[in-house]
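Quick note, in the working numbering, the sequence shown goes up one by one and the last residue is 96. Single-structure report; data block below.
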Amino acid sequence: MKLLLRFSSDKLYRQYVRINFLFMFMTVIGLAIFVWGTVIQNFQNVTYSLLGTLIVLPFLYFEWWVNERLKKIDPEHVTNQDIRQYRRMKKAGEQ
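Here you go:
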């Protein structure tokens with residue numbers, strides 16, 4: 002989040018970045034609860050794959066939605082995928 006906040010000082014851009022981080026954090030918490038529930042077998046009546054999908058799919062859609070809004074605000078918006086790809090290329094170049 003801190004890295005993305007450096008790219009633009011626009012107030013709406015910063016709000017979307019923070020909202021995306023909050024939603025990502027909530028998804029990680031949801032997955033942690035899902036894993037914890039499967040370990041103690043708390044979700045016996047619910048299909049595990051369905052529950053996992055219901056946790057992950059909204060995050061994927063929301064991340065896409067936020068990135069589209071950020072690209073409208075800042076055409077040079079750098080996505081998390083762009084950052085990961087750059088780091089992979091940099092790491093491959095070092096080896």
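Backbone N, C-alpha and C fix where the C-beta goes; we use that ideal spot for every residue, glycine too. Quantities reported herein were computed from a predicted structural model and do not represent experimental measurements.
(request) Whole angstroms is fine: what's the gap from residue 38's alpha carbon to residue 60's? (result) By one-based count along the sequence shown, residue 38 stands at place 37. By one-based count along the sequence shown, residue 60 stands at place 59. Answer to the nearest angstrom: the Cα atoms are 20 Å apart.
(request) For residue 86, name the three-state secondary structure that DSSP assigns. (result) The count along the sequence shown starts at 1 and reaches residue 86 at position 85. If DSSP states are grouped into helix, strand and coil, residue 86 belongs with the helices.
(message) At the level of alpha carbons, what is the spacing between residue 19 and residue 73?
(response) The residue you call residue 19 lines up with position 18 of the sequence shown. The residue you call residue 73 lines up with position 72 of the sequence shown. Cα to Cα, residue 19 sits roughly 17 Å from residue 73.
(request) Keeping to the same chain, check which residues put their C-beta closer than 8 Å to that of residue 31; ignore five residues upstream and five downstream. (result) As a working mapping, residue 31 is identified with position 30 in the sequence shown. Cβ within range, chain order: 56.
(message) Measuring only the C-alpha atoms, how far is residue 42 from residue 33?
(response) For the purposes of this step, residue 42 is taken as residue 41 along the sequence shown, with counting starting at 1. For the purposes of this step, residue 33 is taken as residue 32 along the sequence shown, with counting starting at 1. Answer to the nearest angstrom: the Cα atoms are 14 Å apart.
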